[in-house]
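Peer 1: Just so you know, the protein sequences line up as chains A, B, C and D, in that order.
So in the UniProt record's numbering, the last one in the first sequence is 344, and the numbering has no gaps at all.
So in the UniProt record's numbering, the last one in the second sequence is 344, and the numbering has no gaps at all.
So in the UniProt record's numbering, the last one in the third sequence is 344, and the numbering has no gaps at all.
So in the UniProt record's numbering, the last one in the fourth sequence is 344, and the numbering has no gaps at all.
Mind looking over this structure? Questions follow.
Protein chains: 4
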Amino acid sequence: MVKIGIIGATGYVGAELLRLLLSHPKVEVAALSSVSFVGQEISNVYKNFLNKTDLICESADEVVKKCDVIFTALPHGLSEDIAKKAIDNKKICIDMGADFRLSSEDEYEEWYGKKFTQPALHSKSVYGLPELNKEKIKQCSLIANPGCFPTTIELGLMPLLKNSLIKLDNIICDSKSGTTGAGRGLTINTHFPEENETFAPYKVGAHRHTPEIEETLSTMANDKVNVTFTPHLLPINRGILSTIYCSPKNKVNLEEIHKLYLDFYKDEPFVNILPLGEIASIKNVRLTNDCFISLHLNHRQDQIIVVSTIDNMIKGAAGQAIQNMNIILGFNETDGLNLIAPAF
Amino acid sequence: MVKIGIIGATGYVGAELLRLLLSHPKVEVAALSSVSFVGQEISNVYKNFLNKTDLICESADEVVKKCDVIFTALPHGLSEDIAKKAIDNKKICIDMGADFRLSSEDEYEEWYGKKFTQPALHSKSVYGLPELNKEKIKQCSLIANPGCFPTTIELGLMPLLKNSLIKLDNIICDSKSGTTGAGRGLTINTHFPEENETFAPYKVGAHRHTPEIEETLSTMANDKVNVTFTPHLLPINRGILSTIYCSPKNKVNLEEIHKLYLDFYKDEPFVNILPLGEIASIKNVRLTNDCFISLHLNHRQDQIIVVSTIDNMIKGAAGQAIQNMNIILGFNETDGLNLIAPAF
Amino acid sequence: MVKIGIIGATGYVGAELLRLLLSHPKVEVAALSSVSFVGQEISNVYKNFLNKTDLICESADEVVKKCDVIFTALPHGLSEDIAKKAIDNKKICIDMGADFRLSSEDEYEEWYGKKFTQPALHSKSVYGLPELNKEKIKQCSLIANPGCFPTTIELGLMPLLKNSLIKLDNIICDSKSGTTGAGRGLTINTHFPEENETFAPYKVGAHRHTPEIEETLSTMANDKVNVTFTPHLLPINRGILSTIYCSPKNKVNLEEIHKLYLDFYKDEPFVNILPLGEIASIKNVRLTNDCFISLHLNHRQDQIIVVSTIDNMIKGAAGQAIQNMNIILGFNETDGLNLIAPAF
Amino acid sequence: MVKIGIIGATGYVGAELLRLLLSHPKVEVAALSSVSFVGQEISNVYKNFLNKTDLICESADEVVKKCDVIFTALPHGLSEDIAKKAIDNKKICIDMGADFRLSSEDEYEEWYGKKFTQPALHSKSVYGLPELNKEKIKQCSLIANPGCFPTTIELGLMPLLKNSLIKLDNIICDSKSGTTGAGRGLTINTHFPEENETFAPYKVGAHRHTPEIEETLSTMANDKVNVTFTPHLLPINRGILSTIYCSPKNKVNLEEIHKLYLDFYKDEPFVNILPLGEIASIKNVRLTNDCFISLHLNHRQDQIIVVSTIDNMIKGAAGQAIQNMNIILGFNETDGLNLIAPAF
């Protein structure tokens, strides 16, 4: 069995990855690391693992040494050196943080306030949105797993952009995320009595996923795309839903666009285009690796509205990382990811 | 004391109006009506009224006869005839439904599927957004109390539109509402296990508040305004937050716009403009008649983002109706509405 | 592959059973029935099944004819005749309703207001709590799958009762359930704005699970057990937690009781006894077939407090039914039920 | 106007007290203190106070100097010295913490791990449950405002205990509280994704409210009362509901007990006894100073079940403190507390 290591296993993304990989038929999780909990069983940190695994948190170095595939689930700026070590040792590295998502170091510095620590490594990495880059991913050992918000927006717009159907100068992306997206760190905004029964945007006009979205959409369009991206925090645990507004270049027929989407994604196991008239909802995708998309026009029929939704912890993080691993290792793309959303 | 009647007192808007009016210092609720609960105490229907009032539901006719001010909280199409009777009898009528909100009967027929039953009455009604129409409201006996979504959007955009600062051809209004907006009627979408832990838009491109928004914004702009309006359902009880995207005609300075808003609303007791850098949140306004507005630019500084939030049951319905009543009766505009949001 | 049929597939229990069985490695769901949705795809009723199954709702008769194992997920009083037909045709029938749970027809009539329609069949049925009746279940074709509340209480008390350690005359069972326990039927109590942000007991002193609990506990104790059982409704979707208060016959040593529980359940794959000092929580078991139990004393050390928690839809319904099926068919008891609770 | 000071105004109890007092017709909040936010406007800490008050946090000493009535909302152990200073200066002091709730210093030391710092002061304090001690409160300048859980249990049992109707050796109090009870301090248990959609007890058999409950119930019974008290944390913001199980000394007639309760509380403005057959619910009391009580028997009619519910922040803290102030100052007991629960 392929030996898997998770670096940063006690954060939310790491813990979700562990949960999913423990049910994967073709791999074995061989080692975990955590800065804060070295020497402790993961089931001490998350009781849901009691009697499911007795893995103990080790150092990152141990994990790299023991494993064939290394997943890094770390705050930005901490993955590059680990990735270097992994790649130098002929391992596969899938980074679930932001370190390899932007190709431009200038852009990275502008939004993240620091330079690349391993600039040479970046050219070897591939942006791990399988529906966009599957062939490149197959050949690659270093994956930049996409951000959660960008995944919804990129999958939602790809058929329109690849077919040059919409204007590129101001696409509005109004996105809403559950609170797991904010991670395990305690903040007043995620203190239960403060977040429950309320709703608000955050980082308006300034969220770090903006350059990732613009770079990837520009690649799809083969031209510069500008977006206005506003994230909001929902008082639920899981799920992202993006409502995307774009202007068609020419008069639009919604049936044709719908057919285009169905055709575009017909071989993609995780992208589901809803029938016209239905509306995508977070509950369609919760606890799955699926992306559900529904298509709409405004009342004057001159504006396309794309609704795109995923589970932020799965297709937006851990599940997409496993999908990338499956592609690299030649497994079925859906291995370990055959998940059906609970209806309630 | 002025005698108040509520027609449709057992719906959510009617019940909220009753709760607020029971604490109003200058009026007395004298009669209630309900189609489904005639003869029953309102405290049988809503236990929160136990030992607070012993009012009993009567017929609508009784209410009109007994009272000086009639509030109608009814599904569309049912208020016109009652309003006729009230006005003919020199009473004041404040309609919290949709019957008098649109000035064009054609537009009304297109969106609501029926014609006006009292067309002559419509010219006597005023759209009851006090921040827009205060002087007209003072002179009027028949008020069309605004819809909840329109209130957020109209207050959010009025200073920009009155000053001709933005383009009018496609304003994006991405709005999110708590579930009380859907009322007391049982539906699968508001069944707890179906609505909890999820989020989705509804009536995309087709919500009946669209023509109301467009008519009022056009009045403000003195020119035709087009909007794309998408409502979403939040898994919370109360509150609407609208994220509004608009394009300035010329290069924008956010400080100047902020000053404009502060100045524009400086005499309005219920509109609060947040300091630049802060973001409006539903919890700022829950259980109050306030509207909180925050102002933002996107990262390229070429798109204005207005965040506007109210309590849908109060400023979006019952509270605004009381505000209109206060204005008509010459009371302090804030009488009965001096509410402070619970912090949690 | 064994052919499975679900009668009542569009209710919450039926739908959850379908979701779990679609991932079971050794069976095939061959047919579904529903009174309200005959002829419709199940994915029309529950969108989470879109692209996961194209099964269509048929009549109950068709299901019995086509399948080897019949699961009935029906309101009480409707399963007996179907079970008769299944058993007569040498099929296996697992009833997830209440029809076969009580051995006494008088007791059944007292609590459910009707008599048995197939009284002869009842002697052939076994109460399907595997931790109590595993050997009997292996030999049986007709299973009375336990109620959700009873499962928590029975698993929580079995080691104490089998070892005659507690008094039997008044055990207090204070139980709290998520709203899925109320099913898919619309009621004002489960209307989102009415149930959100509140909490209350229901059917105090009068819930129909009471005689089931008392009968099973009496079997365990080999003596008459009396309980006071109070169910409460939690504003969450899934999970039941019962806080159970009982008086030891003699002075208690908590460490010894804890060892007793660990030993009693050491071969049971789904019952987890938490270390002393930890407290069972619904999040330990959500979306799994597990039961977590923690053990405590009050501050004077003279009262045992057992906290027992399950997912009401899985160990409390669909999952336990599959566990029973696995036992009857000679599969691994955990087949299709190797589920790890999401940590968040 | 009477000048009010709040010491510890930035905690949840202090902030709620401020919110309520700003609407009180006969007092003026003159000063606030906070250790962490000295020099800052309270509206910086809680945006709900924006444009409602411009009070600035000062030192505790300043507050005592400026005000006539001092409310202390502090962690245990910090109020005694402040109370001393207030009393020495002929001020009124209402302590919302635990410092003066227990009469026995030994008991205090056992549960809180420290001794009294002002032991002489304790004999001057009165336990501020108005329904029990109204006459004493009128004469007193130092109030120990009751804990939130104890308030529900003491009001729920007082008529039974005062009339010697129940056994005293083991009353079971199964209590459930919203998360505001845990305060503003960040913990992993109140991190939104950890607390949402779950439910569990905490501090089983060991909560510090236990001795307060036992002391007060013993006073009522004029004999030693023992309780088993288990608090649970509900995924809601506000409200406590206690389900209380007690054994009658003799055969019980529920109608008689109900009449007894109605009569016992007939002059108490905040205690509401529901009609027989109805069940108290947190939504009856949210955002009010009310306590709702419903009465039940188990199915064998040999165990009384009392359901008692309050808003933990109001009748369980800030509202009850105002009620005590009203009594001491000779105001109407309901001044500033005429609150009606929102129905949704």
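C-beta: ideal position from N, C-alpha, C; glycine also.
Treat the numbers as computed from the prediction; the structure is a model and nothing was measured.
Relative to chain D, which residues along the segment 137-170 of chain C have a C-beta separation below 8 Å, given in chain order?
Peer 2: Going along the segment 137-170 of chain C in chain order, one finds N170 with a Cβ nearer than 8 Å to chain D.
Peer 1: Find the residues of chain B that neighbour D174 (chain A), judging by a C-beta separation of less than 7 Å, and give them in chain order.
Peer 2: For the purposes of this step, residue 174 (chain A) is taken as residue 174 along the first sequence, with counting starting at 1. Neighbours of D174 (chain A) on chain B, chain order: D174, T243.
Peer 1: Residues of chain D with CB closer than 9 Å to the CB of I188 (chain A), please, in chain order.
Peer 2: For the purposes of this step, residue 188 (chain A) is identified with residue 188 of the first sequence, where counting begins at 1. Ordered by position in chain D, the residues that pass the 9 Å Cβ test against I188 (chain A) are R184, L186.
Peer 1: Identify the continuous alpha helix (DSSP H) that holds A221 (chain B) and give its terminal residues.
Peer 2: Taking the second sequence and counting its residues from 1, the one referred to as residue 221 (chain B) is at position 221. A221 (chain B) -> alpha helix (DSSP H) spans 209-221.
Peer 1: With E28 (chain A) as the anchor, note down where its beta strand (DSSP E) starts and where it stops.
Peer 2: As a position in the first sequence, residue 28 (chain A) is number 28, starting the count at 1. Looking at the DSSP string, the run of the beta strand (DSSP E) that includes E28 (chain A) is 27-33.
Peer 1: Which residue from D:N189, D:G178, D:E214 puts its Cα closest to that of E197 (chain A)?
Peer 2: Your numbering for residue 197 (chain A) matches position 197 in the first sequence. Nearest option by C-alpha distance: D:G178.
Peer 1: Going by C-alpha distance, which of A:T10, A:G8, A:M1, A:L18 is nearest L337 (chain A)?
Peer 2: Taking the first residue of the first sequence as 1, we reach residue 337 (chain A) at position 337. It is A:L18 whose Cα lies nearest to the Cα of L337 (chain A).
Peer 1: To which residues of the same chain is D81 (chain D) closer than 8 Å at the C-beta, ignoring the five residues directly before and after it?
Peer 2: On the fourth sequence, residue 81 (chain D) is found 81 positions in, with the first residue counted as 1. Taken in chain order, the residues that qualify are T117, Q118.
Peer 1: Over the uninterrupted alpha helix (DSSP H) stretch that includes T151 (chain D), give me the two end residues.
Peer 2: In the fourth sequence, residue 151 (chain D) corresponds to position 151, counting from 1. Segment 148-162, the alpha helix (DSSP H) holding T151 (chain D).
Peer 1: Alpha carbons only, please: which of D:V45, D:E131, D:H299, D:P75 is nearest the one belonging to K114 (chain D)?
Peer 2: In the fourth sequence, residue 114 (chain D) corresponds to position 114, counting from 1. Here the closest residue by C-alpha is D:P75.
Peer 1: May I ask you to verify whether the segment 225-237 of chain A touches the segment 300-317 of chain B, counting CB pairs closer than 8 Å and requiring at least 3?
Peer 2: Flag = yes, the segment 225-237 of chain A and the segment 300-317 of chain B touch.
Peer 1: Go to S175 (chain B), then tell me how far its beta strand (DSSP E) extends in each direction, as first and last residue.
Peer 2: On the second sequence, residue 175 (chain B) is found 175 positions in, with the first residue counted as 1. 171-177 is the extent of the beta strand (DSSP E) around S175 (chain B).
Peer 1: Any beta carbon from chain C within less than 8 Å of E215 (chain D)'s own beta carbon?
Peer 2: Translated into positions along the fourth sequence, residue 215 (chain D) becomes position 215. Output row for E215 (chain D): interface = no.
Peer 1: Between the alpha carbons of I340 (chain A) and V69 (chain A), how many angstroms are there, rounded?
Peer 2: Here residue 340 (chain A) corresponds to residue number 340 of the first sequence, with the count starting at 1. Here residue 69 (chain A) corresponds to residue number 69 of the first sequence, with the count starting at 1. Approximately 26 Å between the Cα atoms of the pair.
Peer 1: For the beta strand (DSSP E) that S79 (chain D) lies in, which residues bound it at each end?
Peer 2: As a first step, residue 79 (chain D) must be located in the fourth sequence, where it is residue number 79. Per DSSP, S79 (chain D) belongs to no beta strand (DSSP E); it is in the alpha helix (DSSP H), 79-88.
Peer 1: Counting only Cβ pairs nearer than 8 Å, list the residues of chain D close to T180 (chain A).
Peer 2: Along the first sequence, one-based indexing puts residue 180 (chain A) at 180. Simply P193.
Peer 1: Which residues in chain D sit within 9 Å of residue 350 (chain C), going by Cβ to Cβ distance?
Peer 2: Because chain C is modelled from 1 through 344, residue 350 (chain C) falls outside the range shown and cannot be assessed.
Peer 1: Would you kindly work out how many angstroms separate the C-alpha atoms of G181 (chain A) and I153 (chain A), rounded to a whole number?
Peer 2: Position 181 of the first sequence, counted from the start, is the residue given in the question as residue 181 (chain A). Position 153 of the first sequence, counted from the start, is the residue given in the question as residue 153 (chain A). So the two alpha carbons sit approximately 16 Å from each other.
Peer 1: Per DSSP, what kind of secondary structure is A321 (chain B) in: helix, strand or coil?
Peer 2: Here residue 321 (chain B) refers to the residue found at position 321 when the second sequence is read from its first residue. In the structure shown, A321 (chain B) sits in a helix (DSSP, three-state: H, G or I).
Peer 1: Counting only Cβ-Cβ distances shorter than 7 Å, please list the residues of the segment 304-335 of chain D near chain A, keeping chain order.
Peer 2: Those would be none; no residue qualifies.
Peer 1: In the DSSP output, which residue or residues are listed as bridge partners for A144 (chain D)?
Peer 2: Position 144 of the fourth sequence holds residue 144 (chain D). Per DSSP, D:D95, D:Y127.
Peer 1: Can you list, in chain order, the residues of its chain with a C-beta nearer than 6 Å to that of I282 (chain B)? Leave out the 5 residues immediately preceding and following it.
Peer 2: Translated into positions along the second sequence, residue 282 (chain B) becomes position 282. Closer than 6 Å at Cβ, skipping near neighbours: G239, L241, T309.
Peer 1: At a Cβ cut of 7 Å, what residues of the segment 74-103 of chain B count as close to chain A, listed as they run along the chain?
Peer 2: Flagged: no residues at all.
Peer 1: 8 Å is my cut-off, CB to CB: does F344 (chain D) come that close to chain B?
Peer 2: Here residue 344 (chain D) refers to the residue found at position 344 when the fourth sequence is read from its first residue. Interface residue, yes.
Peer 1: Our contact map puts L50 (chain A) next to N272 (chain C) with C-beta atoms below 8 Å; I'd like the distance itself, whole angstroms only.
Peer 2: Position 50 of the first sequence, counting from 1, holds the residue named residue 50 (chain A). Position 272 of the third sequence, counting from 1, holds the residue named residue 272 (chain C). Right, their Cβ atoms sit about 6 Å apart.
Peer 1: Anything in chain D within Cβ reach of G197 (chain C), meaning under 9 Å, just list it in chain order.
Peer 2: In the third sequence, residue 197 (chain C) corresponds to position 197, counting from 1. Sequence check: residue 197 (chain C) is Glu here, not Gly. Near E197 (chain C) (Cβ distances below 9 Å), the residues of chain D are G178, I236, N237, R238, G239, I282, K283, R286, F344.
Peer 1: Comparing alpha-carbon positions, which option in A:K203, A:Q139, A:I213 lies nearest L157 (chain A)?
Peer 2: The residue given as residue 157 (chain A) occupies position 157 in the first sequence. The shortest C-alpha separation from L157 (chain A) is found at A:I213.
Peer 1: Please confirm if the segment 257-276 of chain C is in contact with the segment 36-46 of chain A, defined as three or more CB-CB distances below 8 Å between the two stretches.
Peer 2: The segment 257-276 of chain C vs the segment 36-46 of chain A: no contact.
Peer 1: Answer with yes or no whether the minimum CB distance from T228 (chain A) to chain B is below 8 Å.
Peer 2: Taking the first sequence and counting its residues from 1, one reaches residue 228 (chain A) at position 228. Cβ-Cβ to chain B under 8 Å: yes for T228 (chain A).
Peer 1: Check whether the Cβ of H209 (chain D) lies closer than 8 Å to any Cβ atom in chain C.
Peer 2: Here residue 209 (chain D) corresponds to residue number 209 of the fourth sequence, with the count starting at 1. Answer no: the Cβ-Cβ gap between H209 (chain D) and chain C never drops below 8 Å.
Peer 1: By Cβ distance, which residues of its chain are closer than 7 Å to Y46 (chain C), with the 5 residues on each side in sequence left out?
Peer 2: The residue labelled residue 46 (chain C) in the question sits at position 46 within the third sequence. Contacts found: A15.
Peer 1: For a contact meaning CB atoms closer than 7 Å, what does L50 (chain D) contact in chain B?
Peer 2: Counting from 1 along the fourth sequence, the entry for residue 50 (chain D) is found at position 50. Within chain B, the residues near L50 (chain D) are N272.
Peer 1: Could you check the C-alpha separation between L160 (chain C) and N145 (chain C) for me, to the nearest Å?
Peer 2: Here residue 160 (chain C) is taken as the residue at index 160 of the third sequence, counted from 1. Here residue 145 (chain C) is taken as the residue at index 145 of the third sequence, counted from 1. If you take the alpha carbons of L160 (chain C) and N145 (chain C), they lie about 23 Å apart.
Peer 1: Quick check on the burial criterion: 16 or more other C-beta atoms within 10 angstroms. Buried or exposed for G147 (chain A)?
Peer 2: Stepping through the first sequence from its first residue, residue 147 (chain A) is reached at position 147. That one is buried.
Peer 1: Quick one: Cα of P211 (chain D) to Cα of G11 (chain A), how far?
Peer 2: The residue you call residue 211 (chain D) lines up with position 211 of the fourth sequence. The residue you call residue 11 (chain A) lines up with position 11 of the first sequence. Answer to the nearest angstrom: the Cα atoms are 39 Å apart.
Peer 1: I'd like to know whether the C-beta atoms of A9 (chain B) and I56 (chain B) end up nearer to each other than 8 Å.
Peer 2: As a position in the second sequence, residue 9 (chain B) is number 9, starting the count at 1. As a position in the second sequence, residue 56 (chain B) is number 56, starting the count at 1. Result no, Cβ atoms of A9 (chain B) and I56 (chain B) do not sit closer than 8 Å.
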